[in-house]
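Before any comments, here is the structure.
Protein chains: 4
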Amino acid sequence: MSLNSYGHLFRVTTWGESHGPALGATVDGCPPNVPLSETDIQFWLDRRRPGRSKHTTQRQEPDSVEILSGVFEGRTTGTPIQLMIRNTDQRSKDYGEIAETFRPGHADITYWQKYGIRDYRGGGRSSARETAARVAAGGVARQALKQLAPEVEIFGYMVQMGPKVIDRNRFDRAEIENNDFWCPDAGVVGEWADFLDHLRRKDHNSVGAMIEVVVRGAPAGLGAPVYGKLDTDLAAAAMSINAVKGVEIGEGMAAAALTGRENADEITMGENGPEYSTNHAGGILGGISTGQDIVLRFAVKPTSSILSPRQSIRKDGTPIEVVTKGRHDPCVGIRAVPVGEAMVAAVILDHILLDRGQTGGIRGKIGPS
Amino acid sequence: MSLNSYGHLFRVTTWGESHGPALGATVDGCPPNVPLSETDIQFWLDRRRPGRSKHTTQRQEPDSVEILSGVFEGRTTGTPIQLMIRNTDQRSKDYGEIAETFRPGHADITYWQKYGIRDYRGGGRSSARETAARVAAGGVARQALKQLAPEVEIFGYMVQMGPKVIDRNRFDRAEIENNDFWCPDAGVVGEWADFLDHLRRKDHNSVGAMIEVVVRGAPAGLGAPVYGKLDTDLAAAAMSINAVKGVEIGEGMAAAALTGRENADEITMGENGPEYSTNHAGGILGGISTGQDIVLRFAVKPTSSILSPRQSIRKDGTPIEVVTKGRHDPCVGIRAVPVGEAMVAAVILDHILLDRGQTGGIRGKIGPS
Amino acid sequence: MSLNSYGHLFRVTTWGESHGPALGATVDGCPPNVPLSETDIQFWLDRRRPGRSKHTTQRQEPDSVEILSGVFEGRTTGTPIQLMIRNTDQRSKDYGEIAETFRPGHADITYWQKYGIRDYRGGGRSSARETAARVAAGGVARQALKQLAPEVEIFGYMVQMGPKVIDRNRFDRAEIENNDFWCPDAGVVGEWADFLDHLRRKDHNSVGAMIEVVVRGAPAGLGAPVYGKLDTDLAAAAMSINAVKGVEIGEGMAAAALTGRENADEITMGENGPEYSTNHAGGILGGISTGQDIVLRFAVKPTSSILSPRQSIRKDGTPIEVVTKGRHDPCVGIRAVPVGEAMVAAVILDHILLDRGQTGGIRGKIGPS
Amino acid sequence: MSLNSYGHLFRVTTWGESHGPALGATVDGCPPNVPLSETDIQFWLDRRRPGRSKHTTQRQEPDSVEILSGVFEGRTTGTPIQLMIRNTDQRSKDYGEIAETFRPGHADITYWQKYGIRDYRGGGRSSARETAARVAAGGVARQALKQLAPEVEIFGYMVQMGPKVIDRNRFDRAEIENNDFWCPDAGVVGEWADFLDHLRRKDHNSVGAMIEVVVRGAPAGLGAPVYGKLDTDLAAAAMSINAVKGVEIGEGMAAAALTGRENADEITMGENGPEYSTNHAGGILGGISTGQDIVLRFAVKPTSSILSPRQSIRKDGTPIEVVTKGRHDPCVGIRAVPVGEAMVAAVILDHILLDRGQTGGIRGKIGPS
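Structure representation (structure tokens):
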């Protein structure tokens with residue numbers, strides 16, 4: 009039972025601190041014979057990389073991944089895949105003054121209370137930098153999905169930044185890749201940019217966000233009730249991401265306000281199987297996928313590191329006013345989009361393997377070919 | 009890896025179907041020397057029992073629990089505790105007609121697609137009746153907490169039923185036990201009762217709800233980042249409950265709309281340790297408890313079994329109009345309150361054991377006493 | 009992580025004490041659509057039942073199993089299967105005097121030291137009676153194997169009782185079922201019977217035994233290196249059985265004395281795939297099955313409960329001479345044969361499921377049949 | 009559920025292949041505040057390193073370990089510790105010819121059959137080189153034990169090489185470190201050296217061995233029945249090591265030949281608790297430690313890579329005579345001694361943590377010191 013691991017058969021253990029020598033992911037249970045290179049994984053890491061636009065932290069971390077094991081001649085072998093990312097842009101001196109201080113909203117104080125020791129540089133293990141390892145592992149899951157279930161698509165996007173929400177009538181999937189916010193509504197992008205600019209530069213503030221991740225093309229039957237339910241695993245995956253405070257499937261919290269008649273997804277028989285009139289359920293019934301779009305939403309709190317002074321204490325209990333300098337994301341939710349996608353990819357692959365077996369039906373033949 | 013189990017050291021496996029001979033929970037990892045009787049557990053089961061008021065299903069299930077193992081002379085022994093509840097009020101004939109039909113909003117169709125067989129009586133394994141086993145296991149957790157951490161209080165209540173929410177200014181914890189809705193706001197109880205009455209009797213409809221569970225008095229330091237985080241485990245625990253579609257900690261989904269300045273819980277030094285100006289975090293930072301109230305919220309969708317006709321299909325793909333007769337809860341969220349409490353109790357005990365060890369520091373002495 | 013559970017996907021949790029109300033097994037991960045009745049399981053339980061011959065304990069426990077969940081209309085549903093065996097022949101008074109005493113060779117003292125409480129009646133949880141639950145679970149595994157891999161045969165037998173070993177030249181599988189010792193060598197049965205008779209009746213003593221279990225017909229490719237190796241799982245399964253002190257695969261401990269040339273199993277190509285000149289490896293290379301017979305051997309220590317007086321202490325540290333009355337097996341190894349078979353069946357099924365997926369490839373079809 | 013992991017709370021996942029870029033261990037669950045440096049771990053790795061004497065392989069692998077995470081300012085932080093060993097002396101060309109061939113006694117054929125792909129260089133994942141990662145993880149366990157339970161000693165030694173066994177009357181623990189065989193009997197060392205010399209140089213052969221590992225000073229009460237028993241976990245740990253074919257606790261397989269009177273360890277009350285007249289049990293009763301020496305023994309088969317030709321087949325089924333060149337250990341059992349110790353250290357620490365909690369009772373204080 010590793011408490012730094014997720015997944016049943018596709019089992020990922022992340023390791024590493026923000027300012028240690030390296031961080032990474034030990035990926036066990038990837039099926040054999042999946043084409044996999046560092047380039048494949050780098051593609052996904054680059055989407056999460058800091059410094060892509062002025063709206064994210066200006067730290068320069070190349071986040072270059074190195075595959076240390078589990079791949080032979082360009083294909084996975086079914087053995088553990090070790091992914092390592094060296095930490096390079098470590099300005100540890102930025103963090104010297106917080107060695108004795110607990111930053112409000114951060115895990116400084118709870119790590120100290122729990123462990124009696126903490127790597128305070130950049131938040132150490134509790135830094136959002138840990139999510140780079142998740143994105144790398146998600147890259148492996150993507151490659152395996154491409155091989156085992158090429159019909160499955162997974163895509164995430166921001167639906168809200170602070171008080172500003174998208175207009176779903178303008179939803180355009182193609183737009184997601186066209187702006188700095190993974191925003192599917194071109195109509196709000198300019199407004200979001202101005203809002204965030206002002207917040208960061210003038211207001212010395214930060215803001216929360218809401219992310220949605222959709223799985224399209226997943227077969228019916230994924231999920232393992234009653235405690236390996238697909239929605240249970242997705243909720244845990246999302247809630248385990250730094251700064252996430254809420255998780256929803258389909259109607260989510262809004263389901264509390266509905267009546268049974270409104271909420272029913274009626275069923276008809278289509279050409280390729282059952283079809284549903286609506287998708288209040290978010291593609292999951294009883295913890296098992298229906299074959300519809302699986303819809304996950306999660307809220308990311310505003311970055312706690314802001315230039316505005318906040319009241320706190322030192323380790324010795326004395327009061328201190330904290331102003332968090334450094335190069336921080338004004339809206340950490342932006343970079344949470346690829347993280348959410350990566351976690352969802354891992355969960356979906358995991359359940360496909362539960363369905364098909366550890367090696368996905370592979371066998372080595374012996375005899376004349 | 010049992011997919012019907014939850015918990016790390018305090019490990020609960022539920023088993024059983026709605027209309028089988030019995031259902032129950034195998035509870036492994038309860039510390040030894042905890043006073044435990046059937047009466048202790050029955051107390052909690054009775055809170056979830058159907059038929060407590062006109063606002064819940066009128067089925068009559070006594071839900072009497074029998075302890076089959078793990079207790080000797082009134083105390084736990086550290087070995088697995090088997091809890092069995094015989095099913096008694098089984099009107100299987102009520103369900104005969106759904107053997108070939110998939111009820112909208114239910115897991116009938118996905119269980120069939122996944123397993124190729126299903127116990128269709130009352131939803132079988134996917135019935136909310138399974139939560140009785142969770143409540144029984146929660147009763148064991150409550151007894152262990154009373155022994156190991158008597159300062160911990162866990163209480164749940166409804167904060168919303170359909171469109172109607174409580175007024176938090178009228179919040180009164182004592183009121184929770186005084187009405188049929190576990191509602192902490194006496195001012196809305198009458199309105200809720202009328203609303204639900206009309207919905208059930210006139211409108212043949214059902215409604216969703218939102219439940220909040222608070223943990224008071226838990227020590228700082230509980231939670232095991234980065235994947236056994238306390239909020240991750242609470243989110244999974246809540247999302248695994250039947251009909252739950254969303255889960256929040258502290259500010260929850262609303263955190264998306266906040267700025268960093270608004271969201272910061274400032275820290276001061278109190279007499280007994282750190283104190284916080286606010287609790288936007290819901291008592292958890294970086295996945296570890298702060299010592300503040302831990303605040304979990306979850307949304308329960310409206311009961312899918314309603315008397316209003318909905319469109320669906322039979323197993324052979326032909327269309328059918330489904331009207332779900334039988335004795336169903338108009339708002340299954342009411343009975344989800346004790347279920348939520350039970351899941352939270354299990355999670356909290358689990359993390360206390362991770363902190364203190366499997367047997368909670370017990371040792372048998374040999375020698376003159 | 010239940011510490012009373014074994015198996016990866018086919019996950020068995022045993023529960024119950026010798027003299028409690030009942031004992032049993034929670035079996036999670038059995039594939040759906042496997043024909044299963046109480047009679048199917050009872051068949052295997054009856055082989056372990058006490059009182060089958062004068063060479064085993066004369067306790068009369070019918071060990072009737074009741075299936076409480078997971079089976080619908082004679083077939084498994086893929087949900088947890090609860091197996092319960094009520095304890096009936098409980099002469100608790102036989103054990104009254106050992107409440108304050110630690111019997112040499114038993115777990116009385118270590119359970120006390122660990123838990124600070126113990127159900128002393130008949131050894132409580134540490135009683136060999138717990139293995140009835142394993143045999144019941146093994147019966148489920150046998151049924152699933154019959155369905156998923158009918159070519160697999162699993163059979164165990166005794167190869168040694170105290171100083172007396174079988175002559176492998178006289179090995180006759182058909183003989184195993186013909187005597188009271190599951191002995192494959194008819195030539196030694198009389199001698200064994202006399203030896204055990206004398207030991208029990210005249211010498212007030214007991215004796216150890218060695219059991220061998222063979223898996224025939226298992227496919228190549230089972231096993232999950234490097235820590236879910238097939239031999240690792242078999243070793244753990246055998247060592248977890250009460251009174252087992254050693255476990256071997258193939259040559260086992262004797263491999264220490266061999267040279268590389270002697271130990272090599274040479275390979276040739278047969279009609280149906282690779283063939284091996286010998287089977288020193290016991291059917292497992294690198295933790296993965298080769299397709300040959302899988303050969304597991306384990307040693308069972310002599311029953312610690314004997315009528316001869318042995319020196320010990322009471323809980324208060326004062327000395328006492330212990331004579332264990334009651335109805336005990338003179339050679340508990342005899343009844344360990346069906347237990348060993350059951351554990352092996354569970355391990356083999358588990359690895360077949362790892363290979364094929366949780367539900368073994370089942371899918372429910374929707375549409376005209 | 010990682011199938012490349014061992015341990016409950018102290019959880020080690022090994023990764024890496026013989027000739028890949030690196031191999032290592034992800035160590036999760038090490039308690040915080042344990043002093044740990046690369047030098048501490050290197051000490052143990054050096055004992056396993058090839059080329060220490062003419063009796064082991066002459067490959068030159070420095071096996072330098074790098075700590076990539078989980079340590080801050082010389083102390084563990086309670087977060088995952090990543091240990092990496094770069095592979096350096098990779099003569100991959102030595103292995104080119106076995107790409108299409110299955111070496112008898114090796115896992116070449118079963119890995120191929122299972123995965124349909126294998127890194128054939130040096131055995132890939134199935135190489136004994138993987139055990140370097142276990143020794144590194146064992147080094148972490150040793151450091152944690154030194155901190156949490158300094159009275160615990162763990163030491164291994166060879167008791168048999170091929171047909172040659174030690175004389176236990178000459179057992180001298182100090183001698184173990186003085187010779188090339190970790191042999192506690194100075195009187196046989198010369199004979200063993202000559203025997204192995206001849207085997208390797210003249211006979212082109214290899215030989216098996218038997219290793220014993222003793223845990224001295226462990227407290228009573230370690231072990232988690234009935235499936236996390238201390239002997240179960242030790243058996244699995246030992247059997248998972250490459251080339252191990254048998255595992256024993258205390259009397260082990262010889263227990264089969266004993267009577268109950270012979271096998272009883274009688275108990276008396278000593279100054280510091282219970283004492284035992286003998287230790288047939290090997291320090292474990294009912295799966296729980298008694299406080300006596302814990303005695304584990306395991307047999308290592310002879311190295312399969314020998315210069316003598318053996319019959320085998322190619323991937324296409326055609327026959328081939330295999331002569332394994334390269335630099336191989338004539339008795340791989342020698343280097344299995346530190347591996348066995350490392351696995352035992354991990355198991356003992358794991359059970360101490362189960363007893364005391366994940367962080368071993370650590371808490372960070374806030375306030376004036």
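Residue numbers (my numbering), protein chains in the order written: chain A, 9 to 377; chain B, 9 to 377; chain C, 9 to 377; chain D, 9 to 377. Even for Gly, the Cβ is constructed at its ideal location relative to N, Cα and C.
When burial is assigned at 16 or more other CB atoms within 10 Å of the CB, is residue i buried or exposed?
| i | result |
| --- | --- |
| Lys309 (chain C) | buried |
| Pro376 (chain D) | exposed |
| Gln90 (chain A) | buried |
| Gly132 (chain A) | buried |
| Ala107 (chain A) | exposed |
| Glu279 (chain B) | exposed |
Is residue i helix, strand or coil by DSSP?
| i | result |
| --- | --- |
| Leu91 (chain C) | strand |
| Thr240 (chain B) | helix |
| Gln319 (chain C) | strand |
| Leu230 (chain B) | coil |
| Ser134 (chain B) | helix |
| Thr109 (chain C) | strand |
| Asn48 (chain D) | Checking the sequence, you will find Asp at residue 48 (chain D) rather than Asn. Three-state DSSP puts Asp48 (chain D) in a helix. |
| Phe189 (chain B) | coil |
| Leu53 (chain A) | helix |
| Phe179 (chain D) | coil |
| Gln168 (chain B) | strand |
| Arg224 (chain B) | strand |
Quick one: what's got a C-beta closer than 6 Å to residue i's C-beta in the same chain, skipping five residues either side?
| i | result |
| --- | --- |
| Trp120 (chain A) | Arg126 |
| Leu44 (chain D) | Val79, Thr84, Gln151 |
| Thr298 (chain A) | Ala228, Gly291 |
| Arg335 (chain A) | Thr65, Gln66, Arg67 |
| Thr311 (chain D) | Ser214, His336, Asp337, Val340 |
Who pairs with residue i in a beta bridge, going by DSSP?
| i | result |
| --- | --- |
| Glu329 (chain D) | D:Gln319 |
| Ser297 (chain A) | A:Ile292 |
| Ala33 (chain B) | B:Thr22, B:Leu91 |
| Thr311 (chain D) | DSSP lists no partner for Thr311 (chain D). |
| Thr65 (chain B) | DSSP lists no partner for Thr65 (chain B). |
Sorted by chain position, which residues of the same chain lie with C-beta nearer than 8 Å to residue i's C-beta, five sequence neighbours on each side aside?
| i | result |
| --- | --- |
| Asp180 (chain D) | Pro192, Asp193, Ala194 |
| Asn12 (chain D) | Thr21, Thr22, Trp23 |
| Met261 (chain A) | Gly254 |
| Ser285 (chain A) | Asp273, Glu274, Ile275, Thr276 |
Within its chain, find whatever has a CB closer than 7 Å to the CB of residue i; leave out the 5 residues flanking it on each side and keep chain order.
| i | result |
| --- | --- |
| Val148 (chain C) | Val35, Cys38, Leu44, Ile49, Ile89 |
Task: Residues of the segment 320-342 of chain D with Cβ closer than 8 Å to any Cβ of chain C, in chain order - done: Listed by position along the chain: Ser320, Ile321, Gly325, Thr326, Pro327, Gly341.
- [ ] Identify each residue in the segment 260-279 of chain D for which the Cβ-Cβ distance to at least one residue of chain C is less than 7 Å, and report them in chain order.
- [x] Sequence-ordered contacts of the segment 260-279 of chain D with chain C read Gly260, Met261, Ala263, Ala264, Ala265, Leu266, Thr267, Gly268, Arg269, Asn271, Ala272, Asp273, Glu274, Ile275, Thr276, Met277 [C-beta pairs closer than 7 Å].
- [ ] Check distances from the C-beta atoms of the segment 291-321 of chain A to those of chain B and list, in chain order, the residues that come in under 9 Å.
- [x] Taking a C-beta cut-off of 9 Å against chain B, the contacting residues of the segment 291-321 of chain A are Ile292, Leu293, Gly294, Gly295, Ile296, Ser297, Thr298, Gly299, Arg305, Phe306, Ala307, Val308, Lys309, Pro310, Thr311, Ser312, Ser313, Ile314, Ser316, Arg318, Gln319, Ser320, Ile321, listed in chain order.
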